[in-house]
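Residue numbers (mature numbering (1 follows the signal peptide of the UniProt record, and there is no 0)): -27 to -1, 1 to 159.
Heads up: the structure comes next, in structure tokens.
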């Protein structure tokens, strides 16, 4: 009986040691595949506001942040919020993006290379403004947003991205953006 107890204790000790030793390896493996991995990023987006009824357009710049989680190696869920940093003049109006925010899902083409293409789909709420000097016109609205992008891994926890998004297409206004950003994985 004493020998069986001693053998059981030895096996339990080896199993515990193996489990503790494999925990960092399991965590590293989970990190590499991004399963359950949290991330945050910062993007500068060159936006184009096209006013379809007047054949006018404005070139705007926005700064945005995002936080998200990779639910699987192929599916990410994220929230984004941003504000305008570069306005444009269209005729007599100074056009700007006040702010925007939304929730999105990303479908990633996970692979062994440092380049990961993805598609994004979600909803965006945009608040914009046109200052006519004597008066200001404010507008806000929500729409389905979609786009394509690519993440490029620079280091194990740092990547850059290039992304095209259609943020808004409603009420004779189309808002497209080409974004450049960085992302940190936790």
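Positions of the beta carbon are idealized from the N, C-alpha and C atoms, including for glycine.
By DSSP, does residue i sit in helix, in strand, or in coil?
| i | result |
| --- | --- |
| residue 100 | strand |
| residue 3 | Confidence at residue 3 is low in this model, with a pLDDT of 40, below 50, so its placement is unreliable and the value that follows should be read with caution. The answer is helix: DSSP assigns residue 3 an H, G or I state. |
| residue 106 | coil |
| residue 28 | coil |
| residue 82 | coil |
| residue 44 | coil |
| residue 159 | coil |
| residue 60 | coil |
| residue 130 | coil |
| residue 70 | strand |
| residue 34 | strand |
| residue 8 | A caution first: residue 8 carries a pLDDT of 47, below 50, which makes its placement in the model unreliable, though a value can still be read off. Of the three classes helix, strand and coil, the one that applies to residue 8 here is coil, per DSSP. |
| residue 90 | strand |
For residue i, which option in the options has the closest C-alpha, if you only look at C-alpha atoms?
| i | options | result |
| --- | --- | --- |
| residue 36 | 25, 42, 49 and 15 | 15 |
| residue 130 | 84, 108, 155 and 65 | 155 |
| residue 48 | 10, 64 and 32 | 10 |
| residue 79 | 24, 65, 109 and 123 | 123 |
CB-CB under 7 Å to residue i, same chain, minus the five flanking residues each way: which ones, in chain order?
| i | result |
| --- | --- |
| residue 117 | 96 |
| residue 153 | 16, 17 and 135 |
| residue 61 | 31, 32, 33 and 68 |
| residue 148 | 20, 22, 99, 140 and 141 |
| residue 105 | 65 and 66 |
Please classify residue i as buried or exposed, where buried requires at least 16 neighbouring CB atoms within 10 angstroms.
| i | result |
| --- | --- |
| residue 39 | buried |
| residue 138 | buried |
| residue 121 | exposed |
Less than 6 Å between C-beta atoms, sequence neighbours within five positions excluded: which residues of the same chain meet that for residue i?
| i | result |
| --- | --- |
| residue 159 | 11 |
| residue 77 | 51, 93 and 95 |
Requested in this report: Take every Cβ of the region 64 to 72, pair it with every Cβ of the region 100 to 119, and state whether three or more of those distances are shorter than 8 Å.
Outcome: yes
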